[in-house]
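What follows is a set of notes on a single structure, which appears directly below.
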Amino acid sequence: MERSQATELVHNLLKGMISQKASDLFVTAGFPPAFKVDGKMTPVSNQILSPQHTQELARSIMNDRQAAEFEATHECNFAISPPGIGRFRVNVFMQQQRVGMVLRTITTKIPSFEELRLPDVLKEVTLTKRGLVILVGGTGSGKSSTLAAMIGYRNFNSQGHIITIEDPVEYVHEHQKCIITHREVGVDTDNWHNALKNTLRQAPDVILIGEIRDRETMEYAVAFAETGHLCMATLHANSANQALDRIINFFPEER
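What follows is the structure, encoded as structure tokens:
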């Protein structure tokens with residue numbers, strides 16, 4: 000399959016995702032392309048994908064940097080925005096020495112506080128001048144959409160410079176009262192370290208870190224708050240107690 004044909008097939012599948020309101024597209028060898036709609040897996044073709052098919056489909060939507068990362072690590076996360084279709088988060092991985100891929104729909108509309116039924120106290124938190132806000136929850140619990148609503152509220156109700164550092168960028172905000180700088184790791188910056196190290200040189204008022212994954216990211220988040228900025232981030236944990244345990248475990252006992 001030529002690259003152009005593979006790209007066209009992926010785009011057609013993504014159009015189908017949108018029309019059927021599917022949350023995810025699964026591309027795996029030995030099974031047809033499948034959508035997840037309302038939590039149920041639905042094959043969308045009778046054609047069983049071969050390992051060669053899945054490899055070609057995945058490569059067709061990667062740039063050279065992403066392809067190199069995948070070759071080196073056998074994992075790759077990024078986002079794509081095919082014109083006229085939508086925005087999607089992509090995870091490419093290896094399973095049983097075969098390429099697999101899951102694409103998730105990213106809602107392009109920024110959710111509001113009212114749509115998510117968020118408490119009004121979060122509006123006050125969002126407009127705070129300095130501090131550290133960590134949203135905690137499991138996968139699919141709404142951390143990213145809640146952060147998007149908070150950034151959107153700040154964008155319309157305060158002035159300043161908001162920087163988001165994500166892998167990948169999920170919600171894309173347009174400038175309103177704020178200038179919003181979106182930085183995607185692996186696209187706009189080589190790695191988390193470089194992005195975080197240079198953030199304060201960009202005169203931010205608000206810094207969004209897509210996910211706190213390790214000690215270095217946690218240290219930067221605390222440093223941003225201590226230097227008079229509002230830092231927002233997410234952390235994978237199922238409760239506040241578990242979140243505190245994870246944060247403590249980022250640091251050696253002697254500290």
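Just so we're aligned, residue 0 is where the sequence shown starts under this note's numbering, counting upward by one. Here a beta-carbon is modelled for each residue, glycine too, at the ideal position from N, C-alpha and C. All values reported here derive from a predicted model rather than from experimental measurement.
- Look at phenylalanine 34 here: in three-state DSSP terms it is strand.
- Around the beta carbon of valine 89, 16 or more other beta carbons lie within 10 angstroms, which makes this residue buried.
- Scanning Leu126, Asn190 and Arg2 for the CA closest to the CA of cysteine 230 turns up Leu126.
- Scanning Asp187, Ala242, Phe155 and Gln201 for the CA closest to the CA of asparagine 62 turns up Asp187.
- If you keep only unbroken alpha helix (DSSP H) runs of at least 4 residues inside the segment 141-192, you get 142-156.
- By the criterion of a C-beta distance shorter than 8 Å, leucine 13 is surrounded in its chain by Leu24, Pro81, Ile84, Gly85, Phe87 and Leu102, once the five residues flanking it on both sides are discounted.
- Assigned with DSSP and collapsed to three states, isoleucine 211 falls in coil, not helix or strand.
- Put simply, of Glu7, Val43 and Thr41 the residue whose alpha carbon is nearest the alpha carbon of leucine 56 is Glu7.
- Cβ neighbours of proline 50 within its own chain (closer than 6 Å, five residues either side excluded): Ala28 and Arg97.
- The alpha-carbon of leucine 234 is positioned some 5 Å away from that of isoleucine 211.
- Between glycine 130 and asparagine 237, the C-beta gap is not smaller than 8 Å, which leaves the two residues out of contact.
- Look at proline 50 here: in three-state DSSP terms it is helix.
- The three-state reading of DSSP puts methionine 100 in strand, counting E and B together.
- Assigned with DSSP and collapsed to three states, methionine 93 falls in strand.
- When the Cα atoms are used, arginine 2 and glutamine 54 turn out to be separated by approximately 11 Å.
- Here serine 143 has Glu169 as same chain residues with Cβ atoms under 6 Å from its own Cβ, once five neighbours each way along the sequence are excluded.
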